[in-house]
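Structure first, commentary second.
2 protein chains.
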Amino acid sequence: MVTIKEIAKMADVSRSTVSRVLNNSGYVSVESRKRVEKVIEKTGYVPSEQAKSLRTKRTKIIGVILPTIQTETPSRIVTGLGKELSLHGYQILLANTNLDKEKEMEYFDLLKVRQVDGIVLIATNIKSELINKIKETRIPFVMVGQEAEEISHVTNNDYHAARDITRFLIEKGHDKIGFIGVDETDRAVGYWRKKGFLDEMAANGLKVEESWVQQGIFDIDSGYESMRKILMNSLQQPTATFAVTDRLAIGAMSYLKQQQKRIPEDMAIVGVGASEMSKYLEPPLTTIDYQNEKAGEKAAKQLIALINSEPVEEKIVIDYKLIIRDSV
Amino acid sequence: MVTIKEIAKMADVSRSTVSRVLNNSGYVSVESRKRVEKVIEKTGYVPSEQAKSLRTKRTKIIGVILPTIQTETPSRIVTGLGKELSLHGYQILLANTNLDKEKEMEYFDLLKVRQVDGIVLIATNIKSELINKIKETRIPFVMVGQEAEEISHVTNNDYHAARDITRFLIEKGHDKIGFIGVDETDRAVGYWRKKGFLDEMAANGLKVEESWVQQGIFDIDSGYESMRKILMNSLQQPTATFAVTDRLAIGAMSYLKQQQKRIPEDMAIVGVGASEMSKYLEPPLTTIDYQNEKAGEKAAKQLIALINSEPVEEKIVIDYKLIIRDSV
DNA sequence: CTGTTAGCGCATTCAT
DNA sequence: ATGAATGCGCTAACAG
Numbered sequence: 001m002v003t004i005k006e007i008a009k010m011a012d013v014s015r016s017t018v019s020r021v022l023n024n025s026g027y028v029s030v031e032s033r034k035r036v037e038k039v040i041e042k043t044g045y046v047p048s049e050q051a052k053s054l055r056t057k058r059t060k061i062i063g064v065i066l067p068t069i070q071t072e073t074p075s076r077i078v079t080g081l082g083k084e085l086s087l088h089g090y091q092i093l094l095a096n097t098n099l100d101k102e103k104e105m106e107y108f109d110l111l112k113v114r115q116v117d118g119i120v121l122i123a124t125n126i127k128s129e130l131i132n133k134i135k136e137t138r139i140p141f142v143m144v145g146q147e148a149e150e151i152s153h154v155t156n157n158d159y160h161a162a163r164d165i166t167r168f169l170i171e172k173g174h175d176k177i178g179f180i181g182v183d184e185t186d187r188a189v190g191y192w193r194k195k196g197f198l199d200e201m202a203a204n205g206l207k208v209e210e211s212w213v214q215q216g217i218f219d220i221d222s223g224y225e226s227m228r229k230i231l232m233n234s235l236q237q238p239t240a241t242f243a244v245t246d247r248l249a250i251g252a253m254s255y256l257k258q259q260q261k262r263i264p265e266d267m268a269i270v271g272v273g274a275s276e277m278s279k280y281l282e283p284p285l286t287t288i289d290y291q292n293e294k295a296g297e298k299a300a301k302q303l304i305a306l307i308n309s310e311p312v313e314e315k316i317v318i319d320y321k322l323i324i325r326d327s328v
Numbered sequence: 001m002v003t004i005k006e007i008a009k010m011a012d013v014s015r016s017t018v019s020r021v022l023n024n025s026g027y028v029s030v031e032s033r034k035r036v037e038k039v040i041e042k043t044g045y046v047p048s049e050q051a052k053s054l055r056t057k058r059t060k061i062i063g064v065i066l067p068t069i070q071t072e073t074p075s076r077i078v079t080g081l082g083k084e085l086s087l088h089g090y091q092i093l094l095a096n097t098n099l100d101k102e103k104e105m106e107y108f109d110l111l112k113v114r115q116v117d118g119i120v121l122i123a124t125n126i127k128s129e130l131i132n133k134i135k136e137t138r139i140p141f142v143m144v145g146q147e148a149e150e151i152s153h154v155t156n157n158d159y160h161a162a163r164d165i166t167r168f169l170i171e172k173g174h175d176k177i178g179f180i181g182v183d184e185t186d187r188a189v190g191y192w193r194k195k196g197f198l199d200e201m202a203a204n205g206l207k208v209e210e211s212w213v214q215q216g217i218f219d220i221d222s223g224y225e226s227m228r229k230i231l232m233n234s235l236q237q238p239t240a241t242f243a244v245t246d247r248l249a250i251g252a253m254s255y256l257k258q259q260q261k262r263i264p265e266d267m268a269i270v271g272v273g274a275s276e277m278s279k280y281l282e283p284p285l286t287t288i289d290y291q292n293e294k295a296g297e298k299a300a301k302q303l304i305a306l307i308n309s310e311p312v313e314e315k316i317v318i319d320y321k322l323i324i325r326d327s328v
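Respectively, the protein sequence lines represent chains A and B. For the first sequence, UniProt numbering gives the first residue as 1, with consecutive numbering after it. For the second sequence, UniProt numbering gives the first residue as 1, with consecutive numbering after it.
Given below as structure tokens:
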């Protein structure tokens with residue numbers, strides 16, 4: 001690796017001058033600049049990021065903590081983040097917890113030691129411990145997917161989305177509607193989507209029987225199981241079901257088909273997330289597009305603003321789109 | 001940020017001694033060590049990776065270049081990589097090309113400047129330009145998904161897998177079999193899987209009509225379109241079709257259903273990749289599990305061996321599993 | 001406009 | 001067993 005020192009010698013200037021042309025800072029005579037540039041060209045010299053970081057305290061690296069990259073939502077967010085960040089010369093250091101909550105803290109520390117310029121947390125449920133740590137550290141930080149006071153975050157309007165899609169079912173004539181949710185410690189997906197559903201039902205004077213409301217986890221199988229419970233445990237069976245994720249909806253559909261139930265005639269189904277598969281299901285699934293990639297881009301912009309000490313809004317909400325297909 | 005200097009002062013020793021206890025190198029008296037450790041404990045001091053890297057020339061960062069994280073294969077590989085690498089204290093710097101071939105070279109250079117300790121390339125089709133560059137750089141490097149001479153790589157046995165699954169169809173009584181492939185510049189997916197298919201057909205004395213062989217890209221729609229072409233353009237229609245990816249298979253199934261064709265009675269379908277959805281399709285899809293996560297882990301181990309100048313095999317082949325389901 | 005100097009935080013000889 | 005000294009490659013005053 002050729003260093004700035006050698007470039008300086010070869011161009012017959014001092015290291016400072018080389019540094020100046022490198023960073024376009026300060027005055028450099030045309031001739032000096034030319035000579036330096038020529039040498040750089042010839043040698044293919046590229047300054048060491050290492051040394052630069054040590055000096056400037058900026059690494060041009062953003063840490064991204066996420067629960068998994070095996071599902072579409074975080075993958076899309078990371079894609080969005082990456083696009084926007086690379087535009088500004090930042091790269092992503094990946095911290096994949098594989099759903100291990102303990103590791104969130106661990107990685108946060110690790111990223112700090114790496115002196116990353118900022119951190120993005122793609123959150124599911126959030127431990128107050130981590131939140132506190134983030135607040136007392138003053139590293140630029142943005143959270144995606146969940147809300148938190150005093151922390152810059154970008155989220156979807158889960159509550160309204162849930163109300164909207166529930167209203168859509170009601171408008172289609174359904175008055176007995178089932179619900180497949182997830183653990184409410186996941187505020188966005190578990191709590192707000194459920195609240196949206198229940199509030200909209202109540203606003204329309206509709207009852208929700210206990211057996212219509214089931215809880216799964218983030219996989220297809222538990223959607224299957226939840227639908228089984230809804231049908232088994234209900235005297236009055238609902239005519240539609242709102243699953244809070246597409247995967248849950250897929251599982252639910254899978255059970256229905258196995259039971260020879262027609263969709264949507266016997267049971268209408270809606271999901272959330274606009275997964276790639278949703279379009280190709282039979283019937284195609286009505287769902288909500290949260291535009292995750294856009295969320296990632298926005299988060300990146302927020303973070304960059306924070307890094308540059310520019311003013312930012314604490315809360316950014318990405319809009320969603322109801323995608324109406326034949327499952328209703 | 002507290003530095004080694006301050007720790008030294010607080011523990012009333014020299015920086016060298018602190019460094020020694022930090023790295024467990026050289027002699028340190030029990031007392032000195034204790035004092036230093038106590039101070040470190042108290043201050044929560046963690047040495048700066050920056051400075052360490054500058055000194056040692058090792059960053060403990062691995063660059064991963066990939067075409068996208070929106071599909072299952074690379075996501076799984078990265079998950080495997082991450083698991084194994086984190087075990088050894090390495091972190092992943094992500095370089096997502098978003099399918100832009102030009103960026104591969106660009107990112108390779110960028111990662112080099114970052115002084116990453118090694119690079120993993122999750123490859124689709126490979127430009128010889130890049131291969132040459134890799135060879136002349138002597139940075140530890142492992143490629144996943146494609147083969148190359150003189151470059152450490154881990155792949156699947158695409159050829160045999162293709163022959164196996166084709167043979168499976170033949171054994172099930174099919175003698176007219178269609179094929180949905182991809183561009184052959186993708187050696188693994190495009191070339192080898194096709195060759196495996198054709199060779200196995202030939203070995204069994206079976207003809208393959210031109211119209212039975214279609215080419216798509218890596219998405220669901222092109223599977224749909226390819227199946228349409230197969231059915232439209234063939235006088236003699238095949239009774240089974242081998243799609244080289246699950247997504248292509250899903251598209252193909254989608255078209256078949258729309259045409260009121262029964263699967264597998266009118267047309268059997270097989271895919272490759274063991275996508276999560278494959279299990280929940282109607283009917284569930286026969287496919288091949290390539291164990292991508294394991295491939296990622298192996299690649300990580302290879303890379304670490306290379307970094308430590310340990311001997312490695314140039315070529316590692318991960319075994320696959322035929323998953324038989326109702327689509328045949 | 002340019003060079004000299006200093007120092008970022010650490011690991012590593014080399015004396016002692 | 002320990003400390004002093006040196007330098008990794010770079011940027012940023014400062015003085016000229």
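Yeah, the Cβ is synthetic: ideal placement off N, Cα and C, and Gly gets one too. Small disclaimer: the values here were computed from a predicted structure and weren't measured.
Taking the Cβ atoms as the reference, Gly296/B lies roughly 10 Å from Val142/B, outside the contact range of under 8 Å. Comparing alpha carbon positions, the residue from Asp199/A, Ala11/A, Val317/A and Arg138/A closest to Ile165/A is Asp199/A.
Think of a sphere of 7 Å around the beta carbon of Val46/B: the chain A residues whose beta carbon falls inside it are Val113, in chain order.
Within a 10 Å sphere around the beta-carbon of Lys194/A sit 16 or more other beta-carbons, which makes this residue buried.
Inter-residue distance for Tyr280/A and Ile288/A is about 15 Å (C-alpha atoms, whole angstroms). Partner residues in the beta bridge of His153/A, as assigned by DSSP, are Met143/A and Lys315/A. Of all residues in the segment 186-219 of chain B, none comes within less than 8 Å of chain A when Cβ atoms are compared.
Separation of the CB atoms of Tyr320/B and Gln291/B is rounded to 7 Å, and the pair is thereby assigned contact status at 8 Å.
Against chain A, the beta carbon of Asn132/B has no neighbour under 7 Å; the closest one sits roughly 15 Å away.
Boundaries of the beta strand (DSSP E) harbouring Lys321/A: Lys321 to Ile323, taken from the DSSP string.
The DSSP assignment places complete alpha helix (DSSP H) segments of no fewer than 4 residues inside the segment 25-78 of chain B at 30-43 and 49-56, in order along the chain. At a cut-off of 3 residues, the continuous stretches assigned as beta strand (DSSP E) that sit fully inside the segment 80-111 of chain B are 91-96.
Per DSSP, the unbroken beta strand (DSSP E) holding Gln215/A starts and ends at Val213 to Gly216. Here Val182/A really is in contact with Phe218/A; their C-beta atoms are around 6 Å apart, less than 8 Å. Distance between Met10/A and Val39/A, taken at the CA atoms: about 7 Å. Straight across, the Cα-Cα distance linking Lys229/B with Gly216/B is about 11 Å. When 7 Å is used as the limit between beta carbons, Met277/A is near these residues of chain B: Met277, in chain order. Under the three-pair Cβ rule at 8 Å, the segment 31-45 of chain A does not count as touching the segment 59-66 of chain A.
The Cβ-Cβ distance between Gln236/A and Glu209/A falls below 8 Å. At a cut-off of 8 Å between beta carbons, Ala51/A contacts chain B. Closest in alpha carbon position to Trp192/A, among Ser222/A, Leu87/A, Lys5/A and Ala161/A, is Ala161/A. In the three-state scheme derived from DSSP, where H, G and I count as helix and E and B as strand, Ile177/A is classed as strand. By the criterion of a C-beta distance shorter than 6 Å, Gln115/A is surrounded in its chain by Thr59, once the five residues flanking it on both sides are discounted.
Beta-bridge annotation (DSSP): Ala161/B is not paired with any residue.
For the segment 64-79 of chain B, the beta-carbon criterion of a distance under 7 Å to any beta-carbon of chain A is satisfied by Ile69, Gln70, Ser75, Arg76, Val78 and Thr79. Note that the C-beta distance between Val113/A and Glu41/B is not below 8 Å. Only those residues of the segment 20-45 of chain B whose C-beta falls short of 9 Å from the nearest C-beta of chain A would be listed, and there are none. Going by DSSP, Leu22/B is part of the alpha helix (DSSP H) stretching over Arg15 to Asn23.
Counted as a single uninterrupted DSSP element, the stretch harbouring Gly273/A is not any alpha helix (DSSP H), since DSSP gives it neither H nor E. Contact check between the segment 143-158 of chain B and the segment 116-132 of chain B: three or more CB pairs, one atom from each, fall below 8 Å, which counts as touching.
Counting only residues of its own chain and dropping the five nearest sequence neighbours on each side, Val2/B has a CB closer than 6 Å to the CB of Thr43 and Tyr45.
Glu37/A and Val13/A do not touch by the CB rule: their CB atoms are close to 11 Å apart, not below 8 Å. By the Cβ-count criterion, Glu293/B is buried, with 16 or more other Cβ atoms from all chains shown falling within 10 Å of its own Cβ.
In the DSSP assignment, Leu235/A falls outside any alpha helix (DSSP H) and carries neither an H nor an E.
Taking all protein chains shown into account, Asn96/A has 16 or more neighbouring C-beta atoms within 10 Å of its C-beta and is therefore buried. When the five nearest sequence neighbours on each side are left out, the beta carbons in the same chain lying within less than 6 Å of the beta carbon of Gly196/B are those of Tyr159, Ala162 and Arg163, in order along the chain.
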